[in-house]
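Quick note, the working numbering runs 116 ahead of the 1-based positions in the sequence shown.
Heads up, the beta-carbon is just placed ideally off N, CA and C, and yes, glycines get one too.
Let me begin by presenting the structure, written as structure tokens, before commenting on it.
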Amino acid sequence: MKRKTHIERDFPIERLNPVALAEGNSKKPVYQMHKWWARRLGSAFRMMTLAAFAPAEVPEETLWSWFVAGGANPEGKIVLDPFMGGGTTVVEALQLSCRVIGVDINPVAFWSWRPR
């Protein structure tokens, strides 16, 4: 039987909203490597990734401390982004020490984020 994850139980949207609003009003250079029409907020993707990998029993306080500190190091976890576009999911998952696979039909997305 599959073990439930935190995101299946709850998502701390009330606590994440002020962080996401502040991020949305700033411009992060890492996400400005090339112009992309559908920019997503890194804070939202970071929390989604953490909540998707954290067990359901993890208290929200612990999840939030992982978010602030840069993650719980979900070793061995792989994140697939089949429509990577601007690369937000890929960048946030890498910052949490996940392995990532990013694919996009647009070559600009691939060449901007490939490992160097």
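Given that a residue counts as buried once 16 or more other Cβ atoms are within 10 Å of its Cβ, and exposed if not, what is ARG232? Below a pLDDT of 50, predicted positions are generally treated as unreliable, and ARG232, at 46, falls in that range; the measurement from the model is reported next regardless. Under this definition ARG232 is an exposed residue.
Nearest candidate by alpha-carbon position, reference ARG162, set LYS120, ILE217, ASP220, SER213: SER213
According to DSSP, what are the bridge partners of PRO171? THR121
Would you kindly check if the distance between the Cβ of ILE123 and the Cβ of ALA168 is under 8 Å? yes
Report the residue from ILE194, PRO171, GLN211 whose alpha carbon sits nearest the alpha carbon of PHE235. Residue 235 falls outside the range modelled here, since the chain spans only 117 to 232, and no answer is possible.
Among ARG131, THR204, GLY140, VAL224, whose alpha-carbon lies nearest the alpha-carbon of THR165? THR204
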